[in-house]
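Notes follow the structure.
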Amino acid sequence: VNLAQVLNGISLGALLMIVSSGLAMIYGLRGVMNFAHGALYMIGAYTAFAVTTKTSFWFALIVAPLVLAVLGAVLELGVFRRVERRSPIEVALIAFGIALIIERLVVLIWGSNTKPVPAPGALSGTVSFLGTSYPSYRLTVIGITLLVAASLVIWLLRSRTGLYIRAASHDTETSAVLGVNVDRTSLIVVCLGAALAGLAGTLAAPFVSASPGMDTAILINTLIVVVVGGLGSIWGAMVIGMVLGLLQIMGNVWLPSVSTLVPYALLIAVLLFRPQGLAGTRLQ
Amino acid sequence: MSALDENVGVAPADPTEQVPEPAAVSVGLDRRRLLIGLGLAVVVLVVGLQIPSIVTSQYYQGILVSGAILGIMALGIGFLAHRCGLISLGHTAFYGGAAYLVAIASTHWGWSPDLAALLGFVGGTVLAVGVGALTVRVPGMSFVMLTLAFGQAAYQLVILDSVRSVTGAFDGLNVTFKGSETFLGMSQADLGTSSSVWPMVWVSVIVVAVILWLIGRSRFGTLLEGIRENEERARFSGYNTYLPRLAAFAISGAAASLAGVLFAMSSSFVSPDTLSFTTAGNALIATIVGGLATLVGPLVGAVLYIYGQNKFASGNLNLYTGIAVIVVLAILPGGIVGSLTRYGRAGLTRLRRRKP
């Protein structure tokens, strides 16, 4: 494994990390396995395409998360809050239905062809990093995602809202009794989770291109990360996101013929020994 | 409460109500109810067999055949969800696995269609026992994810480049009949014709439905529901809670395998689509939209789904599927059939009250 491959693993892992931490936070607060999370990521990529062709990629980097945060608010207020007393699997299926609708709407709006999103001009070349020449855009992606992840961690640990989020994902009912405004907190969390998915979609767009079907691919990996990390555990999702990204690249290098099976093998191996996931304490 | 428990609180059906079989989850199966159920099954079987002479359009016949095949898988998924509270997104592994075994055995190994079909069915069921042995202990959402992982692993396995010579990867694989070979007496051309394959498919549907109904109403079915409601208490009462659930998983996997065999035989071709995430989601959606707490619900859902699939072949299918799921889950808890039964029963009760 050479350095470039490790960096590929890190950039993939970093993206998975921020998408998954959003999904894990939503699960922690709402108890909803958001099957529409991949679709949100896809909207992020298409928004990036739309904005980049009109203005610039840097502008898209700000617009896409904002658009997705608004969509997140719609999702929370219009859907999740209305079905919060339903069984988790029903809510998950409603989210799956939303994902199906979004998938089709995206094709209706942008067509079914792959839409390339060019990396910003200044970053289209390669730079020498520790003696290896590496695409500068990918280094930027690693930088931005790690920065976002770090700020998220600090915010969760240091701010009052972060405290509420951690408390509510640990035990929603008790925190509500103790005065945490769970509705407000989960609105923040769903908006933030959607915005993170949008940011990841934007960042990924220049190297994966926006295409229909990109949602299922990321969704399955994200679900695996969240379940392996421990349902509702933000830290678990972050760590496993990075681990899975690295593992996939290692798999590509060492076992190229079966590397696509790596995430499933990881999930099956972990769940058989620890059904609650690595960091999780909750079973349901 | 969830849709899974939709009918639990409903009083046992009064035999005079003429809705004897699926909905009420009362315990046990007395002789009268057994006879009513079996009689009804025979009537439905005979009436159903006439469908090709009533529905003469080949287009609709094709929809009914595909719907019935998907329906068999949906019956299996519904059985597991309703009796055990286990939601599986991995039944495509048994469905597609059985279909692939049929194609591989008939094409690569030169097996006769009958043997290939047997291998597909047994192979799919064995796979279900294996997956079930590993998964039924895992509760709730983790079970959903684990079954999803097994199903997706099967999908990834089939499309690997290294097995292209066996499975054809994305190109799929044909089911090959040598010369004048037949499957249960039917030539490949007959199997490909909706009107002639219909009796085989319809008999399978009824047989599976009756078997699942009998199992659900047996002591074993009661035990499954006991475990679903409170596993710990069932264990304290001295029951083994693992083996019954494994058996239920295997039974439901066997239904999916049968559907896979029928699919391979009637379409003569197997593609990775049979194993995809979308197929898994759609089978579950058909089950839930139809109503998984009822016996006919999954069948209705499956036929509706296939109808939609043909109607909106232009590509809007997912859009309408998505809307249908949301609408049904939001305003028709218990699915289409579940809600109809409930309203029907409420209406009957009201009518009876009104009588002097």
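Just so you know, the sequences run in chain order C and H. All residue numbers for the first sequence refer to the numbering used here, where the first residue is 566 and numbers rise by one. All residue numbers for the second sequence refer to the numbering used here, where the first residue is 573 and numbers rise by one. Think of the CB as a built atom: it goes at the ideal place given N, C-alpha and C, for glycine as much as any other residue.
Contact with chain C by H:I659, beta-carbon distance below 9 angstroms | At least one chain C Cβ lies under 9 angstroms of H:I659.
Which residues of chain H have a Cβ atom closer than 8 angstroms to the Cβ of C:M779, listed in chain order?
-> In chain order: nothing, as chain H lies at least about 13 angstroms away.
Cα-Cα separation, H:G873 to C:N573 = In a straight line, the C-alpha of H:G873 is about 44 angstroms away from that of C:N573.
Is the stretch 818-828 of chain C in contact with the stretch 765-783 of chain C, if contact means three or more CB pairs nearer than 8 angstroms?
-> no
Nearest-angstrom Cα distance between C:A657 and H:F715?
-> C-alpha separation (whole angstroms): 14 angstroms.
Length of the line joining the Cα atoms of H:V597 and H:L867 = Confidence at H:V597 is low in this model, with a pLDDT of 49, below 50, so the placement of that residue is unreliable and no value is reported for it.
Proximity to H:A819 [Cα-Cα], best of H:V738, H:V703, H:G894 and H:R925 | Considering only alpha carbons, the answer is H:V703.
Per DSSP, C:G775 forms a beta bridge with which residues?
-> The sequence given here places Ala at residue 775 of chain C; Gly does not occur at that position. For C:A775, which the question treats as bridged, DSSP gives the partners C:K680.
Just curious, the beta strand (DSSP E) that C:F694 is in, first and last residue?
-> Bounds of the beta strand (DSSP E) holding C:F694 are T691 to F694.
Taking C-beta pairs closer than 9 angstroms, name the residues in chain C that H:D602 reaches, listed in chain order.
-> Neighbours of H:D602 on chain C: none; closest Cβ ~32 angstroms, over 9 angstroms.
Top-ranked residue by Cα proximity to H:I860, from H:A902, H:D845 and H:T794 | H:A902
Within the 9 angstroms Cβ cut-off, does C:R651 reach chain H?
-> yes
Per-residue contacts from C:M815 into chain H (C-beta, under 8 angstroms) | Simply none; closest approach about 17 angstroms.
For the stretch 810-840 of chain C, enumerate the residues whose C-beta is nearer than 7 angstroms to any C-beta of chain H, in chain order.
-> Answer in chain order: S822, V823, T825, L826, Y829, L832, I833, L836, L837 and P840.
Applying a beta-carbon distance threshold of less than 9 angstroms, which residues of chain H neighbour C:F661?
-> G853, L856, I857, G894 and V897
Proximal residues to C:I583 (C-beta, below 7 angstroms), its chain only, five neighbours per side dropped | T710, V713, A714, L761, L764 and A765
Residue closest to C:P759, alpha-carbon to alpha-carbon, out of C:L640, C:L722 and C:L581 = It is Ala, not Pro, that sits at residue 759 of chain C in the sequence shown. Ranking the options by Cα distance to C:A759, first place goes to C:L640.
Report the partner residues of H:T846 according to the DSSP bridge assignment.
-> Looking at the DSSP assignment, H:T846 forms no beta bridge with any residue, so it has no partner.
Whole alpha helix (DSSP H) elements within the stretch 789-827 of chain H, 4-residue minimum | 791-801 and 803-808
Tell me whether C:S698 sits in a helix, a strand or coil according to DSSP, three-state version.
-> strand
For H:I635 and H:Y879, the rounded distance between their alpha carbons | 6 angstroms
For the alpha helix (DSSP H) containing C:H856, list its first residue and its last residue.
-> Here chain C has residues from 566 to 849 only, and residue 856 of chain C is not among them.
Output the distance between the C-alpha atoms of H:D586 and H:R917, rounded to the nearest integer angstrom.
-> Low confidence applies to H:D586: its pLDDT is 49, below 50, so where it sits in the model is not reliable, and the reading given next is rough at best. Roughly 10 angstroms separates the two Cα atoms.
Going by C-alpha distance, which of H:T628, H:G919, H:F749 and H:I908 is nearest H:S766?
-> H:T628
When you compare only the Cα positions, how much space is there between C:S693 and C:Y699?
-> 6 angstroms
Taking Cβ-Cβ distances shorter than 7 angstroms, what residues in chain C pair up with H:D743?
-> In chain order: nothing, as chain C lies at least about 18 angstroms away.
Return no unless some Cβ of chain C is closer than 9 angstroms to the Cβ of H:P844.
-> no
Could you give the DSSP three-state label for C:R843: helix, strand or coil?
-> Reading off the sequence shown, one finds Leu at residue 843 of chain C, where the question assumed Arg. Looking at C:L843 - three-state DSSP - the assignment turns out to be coil, as it is neither helix nor strand.
Would you list, in chain order, the members of the stretch 908-925 of chain H that have their beta-carbon closer than 9 angstroms to a beta-carbon of chain C?
-> Cβ contacts with chain C: none found.
Minimum Cβ-Cβ distance from C:G842 to chain H less than 9 angstroms = yes
Are H:D733 and C:S798 touching if we call contact CB-CB under 9 angstroms?
-> no
Of all the CB atoms in chain H, is at least one closer than 9 angstroms to the CB of C:I785?
-> yes
Among C:G842, C:R647, C:A604 and C:G676, which residue has its Cα nearest to the Cα of C:V793?
-> Ranking the options by Cα distance to C:V793, first place goes to C:G842.
Relative to the alpha-carbon of C:V635, which residue among C:E655, C:G609, C:E649 and C:T617 has its alpha-carbon at the smallest distance?
-> C:G609
When DSSP labels each residue in this structure, what does H:F841 get in the three-state scheme?
-> strand
For a contact meaning CB atoms closer than 8 angstroms, what does C:V713 contact in chain H?
-> None at all; the shortest Cβ gap to chain H is about 26 angstroms.
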